[in-house]
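**Q** Okay, here's the structure, questions in a sec.
In the UniProt record's numbering, the protein residues as written are 1 to 470.
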C-alpha cells in the first residue's frame, strides 16, 4: 500500500494560449474526455493504494475540487499552497501530512499533467519501485529517450547489461541540455529523461530534507502545524510556508542523497509540455496533421491546428502549430514551440491579462464570459449552477443591469429579495449590497451589463461568501 501525492501546481506556459495561469494544462482536456488531473487520478484506480493527497495552488482550489467530484473522488486530501515554492517543499508538506496520524507510508509522487498510455507497464514499474522504497531507497522514474529532447532534464543511470527491468543506481542528475549535449546523452545509452515521478517512504524523504535543507523542513513543519480545514481543503499556514526557499526535489534532495535509484519506465509517457509534444501523442491524418475542433485544411502536412471556438482554415502550409481561443491566436513553427513561454513573458511585461485568464472564467458558482467591453461599460454572459449563490457583495464604482435569458434568478437588492425569470431584468445601483442565486434545478443564464468609472474585478467588497473568499 502507498499514498499517491499528485502535484497540480504548475502553470504550463508552453501550451499558451490554451493553458493559462488560472487554467493551466493539468485542468484541461488535452487527450480525450478527461482532464489531465482526472486521468492521473483514474490511473490509480486499479492500484492498491490509499486515498490521494492532491497539492494545488490556492487559486485553483475550486477547479480541482470540482474535477475530483466529477469523477467520484471524494476521499482525497487537497493541500493548498499559499504560493508556489517548487516541488521540494510541496512534497515535504504531503509527507508531513501523511504522517500526522502516526503512520509512515510510502509516497508515490506524480505530476498531475503527464500522459501514460500503457497502464500495465506503469503498474509494473510501480511494483519494482515499491520494493525499493520499502527498502529505504529514494526512487525516480526514468524514461528511455527516443530523441535528443532539450526540454527535459536527464538522469545518468546506465542499464546493467541492457537490463531495464531492475532498479539502477543513479550517477547524476543533469539540467536541460542544448541539442548537441542531448544527442550525446542519447547516443551513450547511459541517460534517461527525468520524468518528475518519485517513490519513497515519507520518513526517508524528510530525513534527507533534514540533512540537506533543514530550514525548508522546519518551515514546512510549522506550515502543517498551523494548518486549518476550510471546506474541502487543508490550508497550510501561509507565513510559515513563505519561509521556504523555492527549490525542486532534484536540487534539494535527489542530487545529494546516496540512496537514489532509477526505475526505467516504458509506458508511453509524455509530459505534454509543448504543442509539438501534444502533436506527437495525438491521432494524425494521412498527411501527419493533427486537427482538433472546427478545422478545414488543403495541401497541408505535419501541422497541428486547434480550433476552440471558431473555424480555422489553412492552405499550403507545413510543420506549423495554429491554436485559436476566444481571445488569442498562436501561429508558430513546430521547431520553435518551446519559445511560446517568451510570448507569455512579454504579455506579463506589458501588463496584459491574456496569459492569466481566458475570456471565459470559471468560479465555484459557475462561470462568466466577457462578451464586450468599452471605457465605461462591460458585458458578461453569466452562468450560475443549480443551487449555487454568488457572494453577498457591493461595488464602489459600477452599477449592474441583469437580464435573465434562461432559468430563474433569486436576487437580493438592498433590503428586497425577489425572483427574476426569463426575459425579465433588474438594476443594481452603485454601492448597493446585493447577491445573485440560482434556486432552480437548471443552469441560470443571464446577461450582465456593467457601467461605471472603474470595472475591475477588484471592485468587489464581499460581505458573505459560501466559498470562503474574503
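For glycine and all other residues, C-beta sits at the position ideal for the given N, C-alpha and C.
#1: Need the endpoints of the alpha helix (DSSP H) that residue 221 sits in, please.
#2: Buried or exposed: which applies to residue 358, given that a residue is buried once 16 or more other Cβ atoms fall within 10 Å of its Cβ?
#3: Restricting to Cα atoms, I'd like to know which of 320, 439, 223 is closest to residue 235.
#4: For the beta strand (DSSP E) containing residue 346, name the first residue and the last one.
#5: How far does the alpha helix (DSSP H) with residue 173 in it reach, from first residue to last?
#6: As a quick exercise: from 337, 420, 367, 351, pick the residue whose alpha carbon is nearest that of residue 403.
#7: If you compare alpha carbons, which of 66, 114, 254 is closest to residue 212?
#8: Here's the rule I'm using: 16 or more other beta-carbon atoms within 10 Å means buried, otherwise exposed. How should residue 446 be labelled?
#9: Would a C-beta distance cut-off of 8 Å place residue 396 and residue 366 closer than the cut-off?
#10: Counting Cβ pairs, one atom from each stretch, are 3 or more of them under 8 Å apart for the region 47-59 and the region 71-90?
#11: Measure the alpha-carbon distance for residue 2 versus residue 130 and round it to whole angstroms.
#12: For residue 89, report the span of its alpha helix (DSSP H) as first-last.
#13: Going by DSSP, name the residue or residues bridged to residue 306.
#14: Going by beta carbon distance, what residues of the same chain come within less than 7 Å of residue 151, once the five residues before and after it are set aside?
#15: On a Cα-Cα basis, can you pick out the residue from 353, 390, 449 that is closest to residue 463?
#16: To the nearest angstrom, how far is it from the Cα of residue 192 to the Cα of residue 144?
#17: Counting pairs of beta carbons, one from the region 240-250 and one from the region 263-273, are three or more of them closer than 8 Å?
#18: How is residue 358 classed by DSSP in three states: helix, strand or coil?
#19: Would DSSP call residue 430 helix, strand or coil?
**A** Let me spell this out:
#1: From DSSP, the alpha helix (DSSP H) with residue 221 extends over 214-225.
#2: Buried, by the Cβ-count rule.
#3: With distances taken between CA atoms, residue 235 lies nearest to 223 out of 320, 439, 223.
#4: Where residue 346 is concerned, there is no enclosing beta strand (DSSP E), although the alpha helix (DSSP H) around it starts and stops at 340-349.
#5: Per DSSP, residue 173 is not a residue of any alpha helix (DSSP H); the beta strand (DSSP E) it occupies stretches across 172-174.
#6: The candidate whose alpha carbon is nearest that of residue 403 is 420.
#7: Here the closest residue by C-alpha is 254.
#8: By the neighbour-count rule (16 or more Cβ atoms within 10 Å), residue 446 is buried.
#9: No, they are not a contact pair.
#10: Segments in contact, yes.
#11: Computed Cα separation, rounded: 8 Å.
#12: First-last of the alpha helix (DSSP H) with residue 89: 87-98.
#13: 292, 323, per the DSSP bridge assignment.
#14: Correct list, in chain order: 176, 273, 274, 338.
#15: For the residues 353, 390, 449, the minimum Cα distance to residue 463 belongs to 390.
#16: C-alpha separation (whole angstroms): 5 Å.
#17: Judged by pairs of C-beta atoms under 8 Å, the region 240-250 does not touch the region 263-273, as fewer than three such pairs exist.
#18: DSSP places residue 358 in coil when its eight states are reduced to three.
#19: DSSP places residue 430 outside both helix and strand once states are collapsed to three, so it counts as coil.
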